[in-house]
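Accompanying notes for the structure given below.
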Amino acid sequence: MTEPKLIAWMPHSMASHSPVPARRQKAGGVQLLWRCVWLLLTTVLLYPTGAFGQNTKKITGTVSDDTGTPLIGATVQVVGTTVGTATDLNGAYQLDVPTTAAQLIVSYVGYVTQTVDITADVMNITLRTDAQSVEEVVVIGYGVRKKNDLTGSVASVSEKDFNKGMISSPEALVNGKIAGVQIVNGGGSPTAGSTIRIRGGASLNASNDPLIVLDGVPMEVGGSVSGSGNFLSLINPNDIESMTVLKDASSTAIYGSRASNGVIIITTKKGSGDGLKLSFQTTNSLSTKTRTADMLSTDEFISIVNQYGTDRQKSLLGTARTDWNDEIYQLAFGTDNNLSLSGRAAKWLPFRISAGAYYQDGILKTDNARRFTGNLNLSPTFFQNDLRFNISLKGAYSKNRFADTSAIWGGATLNPTIPVYSGSDAFGGYTEAVDNNGAPVTGALVNAVGRLNQHESTSDVYRVVGNVDIDWNVRWVKGLRLHATGGYDWSQGEGHIYVPKAAYAYYTTGGRDYDYGPQCNYNRLLTLYANYNRDIEAIRSNIDLTVGYDYQFWKYTTPFYAELNVDGVQQSSTAATDQRHALISYYGRMNYTLMDRYLLTVTMRRDGSSRFSKDNRWGTFPSVALAWRISKEEFFAPLRRVVNDLKLRISYGVTGQQDGITNYGYIPVYTPGLDGAQYQFGGSPVYTYRPEAYNPELKWETTKAWNYGLDLALHDNRITFSADYYTRKTENLLATVPVPAGTNFDKLLLENVGNVDSQGIELSLTAHILNTKDWSWTASANASWQQIRIRNLTLTPGAPSPDTEVGPWIDAYQMQVFSTDYAPYSFYLYKQLYDPETGRPIEGMYADLDGNGEITTNDRYHCHSPAPDWILGFSTSVRYRNWALSTSLRANLGGYIFNSMAMNTGAWETMSYNDYQLNNLNRSFLDTRFTKRQYQSDYYLENASFLKMDNLQLTYDFGKVCKHLNLQISAIVQNVFTLTNYSGVDPETANGVDSSVYPRPRIYSLTIGLNF
21 MTEPKLIAWM PHSMASHSPV PARRQKAGGV QLLWRCVWLL LTTVLLYPTG AFGQNTKKIT
81 GTVSDDTGTP LIGATVQVVG TTVGTATDLN GAYQLDVPTT AAQLIVSYVG YVTQTVDITA
141 DVMNITLRTD AQSVEEVVVI GYGVRKKNDL TGSVASVSEK DFNKGMISSP EALVNGKIAG
201 VQIVNGGGSP TAGSTIRIRG GASLNASNDP LIVLDGVPME VGGSVSGSGN FLSLINPNDI
261 ESMTVLKDAS STAIYGSRAS NGVIIITTKK GSGDGLKLSF QTTNSLSTKT RTADMLSTDE
321 FISIVNQYGT DRQKSLLGTA RTDWNDEIYQ LAFGTDNNLS LSGRAAKWLP FRISAGAYYQ
381 DGILKTDNAR RFTGNLNLSP TFFQNDLRFN ISLKGAYSKN RFADTSAIWG GATLNPTIPV
441 YSGSDAFGGY TEAVDNNGAP VTGALVNAVG RLNQHESTSD VYRVVGNVDI DWNVRWVKGL
501 RLHATGGYDW SQGEGHIYVP KAAYAYYTTG GRDYDYGPQC NYNRLLTLYA NYNRDIEAIR
561 SNIDLTVGYD YQFWKYTTPF YAELNVDGVQ QSSTAATDQR HALISYYGRM NYTLMDRYLL
621 TVTMRRDGSS RFSKDNRWGT FPSVALAWRI SKEEFFAPLR RVVNDLKLRI SYGVTGQQDG
681 ITNYGYIPVY TPGLDGAQYQ FGGSPVYTYR PEAYNPELKW ETTKAWNYGL DLALHDNRIT
741 FSADYYTRKT ENLLATVPVP AGTNFDKLLL ENVGNVDSQG IELSLTAHIL NTKDWSWTAS
801 ANASWQQIRI RNLTLTPGAP SPDTEVGPWI DAYQMQVFST DYAPYSFYLY KQLYDPETGR
861 PIEGMYADLD GNGEITTNDR YHCHSPAPDW ILGFSTSVRY RNWALSTSLR ANLGGYIFNS
921 MAMNTGAWET MSYNDYQLNN LNRSFLDTRF TKRQYQSDYY LENASFLKMD NLQLTYDFGK
981 VCKHLNLQIS AIVQNVFTLT NYSGVDPETA NGVDSSVYPR PRIYSLTIGL NF
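Residue numbers (this note's numbering): 21 to 1032.
So this is what it looks like as structure tokens:
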């Protein structure tokens, strides 16, 4: 009997009713009958006419998976023609092919498409499972989607690719891993937070932080609590399964008003149905200081004082040789221990329970952080998995001690010829500057060791995040799912500060002894959405519709507290606060796929925020995206042997911004007056209430963005590449600008004013270079170029935009500005002149740029931006049998940094501010010989390009060391090296000004992992 023949375009929907391979399906009688009818109909109606009138030969064979199970309905096609068929119920095929045919292409849903040479009349073909097509599902806003079906710019990093070692906070897991994402840690303290920027940020005065969504619960942007240091660190990194970054407006618009700066979706680990699993991992580390400020050595210091100093200054030289940095820094110990248990408590109840204990000393003495976390996840299912629950509860307790980081400045600048201890009881026994009466000298530098030991600042922080997800597959409406999420995020922070009376810093005010807080933060969420997903077989398409509603409410409260000295006398006070705001949202999204090659995504969200007046409360944020999978086209068939996926993407969307502004900036608000500003009534001071500036016309800041992308996969996904080019225009910018005198209650006011434009390129490449039984080698690289420009900062269209000084203050000076047609925070400095003979800068001599014969503020010029032009990342991992070696590197190219530490300590005047104390000088003094500080000289502006190796790890997997135990040991070094021409401590800063940096430590760790 002749087998029926099919042409190659068997409807995808027939195969996609279930992505499960055929061997796992138990077809009933109806299904079997339907398959027979289908084969008969296609034989009669769709016989491959391309075969007639040609010289042909018969090819037969079978198609099976790698276990030998026949694949029913696999497509077998002659490359370059429409001649094809599908395998029958036994996985067999028979095909008349032209005698000139050279290759067959064989495909089946869930398996890697294979192109084979025609070498015989009988060809049995084995397909292997396409792990990526089955497993690579990306979490997006309100749902998941296969990576190949994405139309927007989305990047996901799973646990196996995370950075390893002593990781205190989730964002460090993906630093350097994703194109367009820049993460700058705030310093070397274990409580330090990070600045996260996706595509550089889109605002000026409003927030540039991305929205972070934890298991479906959007966290408050910048929602820190008193005493927390780094709020994200209360999420245990060891509980995280994956982190997904949504970058373009199409993928972020579903989050509407909070998505202008991108979205980071954190997914934690869930229960497993693969039996009971017990895991324990311990990491123990030692941290050492790296580079510190480049100051004069003791011998150089003595020589300079003797050369330039007065007799009084020379008399202040001592006989000690104190390395103040050695006195304030230490070898710091850390340990991170995590225990988890997962499995099924019953057939319908997967679960995971975990607990973590983290302790880390800072390299600065008296600085440490402790964190205890617990996580419970239950995933019960009912009614044959039609009703699914996900119940998650995360708890964290953090106890911190914060070192007085002013000691870092002291460690750099204190006189190296005086001892740490005075030998007397005054000021707790520490050497301090005193006048002729033995009293503290006003403005003198405090002993750095005493500052650390006599300052006790501790905090206790609690956090609980809980959410319940309910997902119901409505069986009588095929393809319909109803979903509900209820979330609650509560945190509380309080602390205590104690400084003894004898401490030099508070000697005249009797020390400090007081509590602050507790500050309580509340975040409540309700999400309801419906999803309808259906294949439309007649036109070979799929439609995925989502419509939903969100309600989120935030509340922050702090009580009144007074700052007291040791005797209980009030020194100052802080008023109680009660801040609240709410957000209501309606949204919808449609994903439409035609013939598995043309993809469309349309999104609409409407947000209402309590931070705006009723007239401006609502904002609408639409987006649309298109993608074309060229590799699915018939004309592309000859290239599929090499290129298995090629997709073009284009998207446009509008997102909003209302984070980073006050809750009540649109209504009149009165606040209590400050201490010292009371009004006398009847001889008694009375606190008054003063009006705050407000703007009733505030409205949404909006960002309009285009994204053009390409995704490419070669050699069965062994090489993947993606490229994106984007443009963004931010309008109705929320910016603080000067207002005419008398028009409001302040000289500066938050207004919707101006525009910011940005553009960028992002490139990502991953290669699985080698994969054999003994060897494997993978490498990934990413690069992003970005450019941001301010286009307008005026309320009046066409009027010239003023330069607005911004950034850190040094005394009465700022080095950065907002200026039209320049990057935000561009440096605005004087052009230093140099002696042509010696090459040294000439003190106080700058270029007369406006040519008027004198140096004025008009001679300052825009000179570079702190933002790098290029951000690069590279990771690679090599495995030989049970050994694995991996590393991660990052580089910034083109950014600049103002070395304020050198400027502020590199002039002779900084050697002594009084007649009782000497201060060390920055080594730059040897080159400049400045007598006065040159606050705004571009001499101190340096290129901040760098190459850093963040991580180097060597792992040995012992496998099973006994019947039920697997053992793995890793040795890890973090912050391995930094290559840079920058002369300061670290070229990587969040604001571009290096004043006094807490050095990022080098960390040596040993990790032991046990799995039962």
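Even glycine gets a Cβ: it sits at the ideal position worked out from N, Cα and C.
Residue from the options with nearest C-alpha to residue i
| i | options | result |
| --- | --- | --- |
| R532 | D744, R311, H788 and V586 | V586 |
| N551 | S412, A595, F251 and D491 | D491 |
| M615 | M921, A558 and T215 | A558 |
| M143 | T107, S920 and Y162 | T107 |
| T824 | V759, S127, N764 and W648 | V759 |
| Q973 | G247, K952, L754 and I1028 | I1028 |
| G780 | Q807, G608, A799 and V245 | Q807 |
| Q539 | G513, A922 and D555 | G513 |
| G295 | G354, P370 and D235 | P370 |
| S804 | Q97, I198 and G185 | I198 |
| T478 | D889, S418, R341 and A787 | S418 |
| S629 | A647, Y672, I681 and L620 | I681 |
Exposure label - residue i; buried when at least 16 CB within 10 Å
| i | result |
| --- | --- |
| K980 | exposed |
| T232 | It should be noted that the sequence gives Ile, not Thr, for residue 232. Looking at its Cβ environment, which holds 16 or more other Cβ atoms inside 10 Å, I232 is buried. |
| P257 | buried |
| T119 | exposed |
| S1025 | buried |
| Q404 | exposed |
| Y1018 | buried |
| W574 | buried |
| L985 | exposed |
| I989 | exposed |
| W903 | exposed |
| L546 | exposed |
Range of the contiguous beta strand (DSSP E) that encloses residue i
| i | result |
| --- | --- |
| Q988 | L985 to T1000 |
| M921 | It is not in any beta strand (DSSP E) - M921 instead sits in the alpha helix (DSSP H) that spans S920 to T925. |
| A911 | W903 to L913 |
| K167 | No beta strand (DSSP E) holds K167; DSSP gives it neither H nor E. |
| K367 | Counting along the chain, K367 falls outside any beta strand (DSSP E), and DSSP gives it neither H nor E. |
| W890 | W890 to Y900 |
| R217 | S214 to I218 |
For residue i, the three-state DSSP class (helix, strand or coil)
| i | result |
| --- | --- |
| M610 | strand |
| T401 | strand |
| S178 | strand |
| V1005 | coil |
| R631 | coil |
| F741 | strand |
| A42 | With a pLDDT of 37 at A42, under the threshold of 50, the modelled position of that residue is not reliable, and no figure is offered here. |
| M315 | strand |
| V83 | strand |
| L254 | helix |
Rounded C-alpha distance that separates residue i from residue j
| i | j | result |
| --- | --- | --- |
| Q474 | Y534 | 15 angstroms |
| E155 | S292 | Confidence is the limiting factor: at E155 the pLDDT is only 44, short of 50, which leaves the residue's position unreliable and the question unanswerable from this model. |
| P90 | I891 | 49 angstroms |
| L59 | R501 | The predicted model places L59 with a pLDDT of 42, which falls under 50 and marks its position as unreliable; any figure quoted below should be read in that light. Those two C-alpha atoms are separated by around 33 angstroms. |
| N388 | G470 | 18 angstroms |
| Y441 | G449 | 6 angstroms |
| Y854 | Y959 | 10 angstroms |
| D424 | P1021 | 18 angstroms |
Residue i - containing alpha helix (DSSP H), residue span
| i | result |
| --- | --- |
| L946 | F945 to T948 |
| Q327 | T318 to Y328 |
| V469 | A468 to N473 |
| T272 | A269 to T272 |
| D433 | Looking at the sequence itself, residue 433 is Thr, so the reference to Asp does not match. Where T433 is concerned, the enclosing alpha helix (DSSP H) stretches over S426 to T433. |
| D331 | D331 to S335 |
Cβ of residue i within 7 angstroms of any chain D Cβ
| i | result |
| --- | --- |
| W928 | The structure shown contains no chain D; it is built from a single protein chain. |
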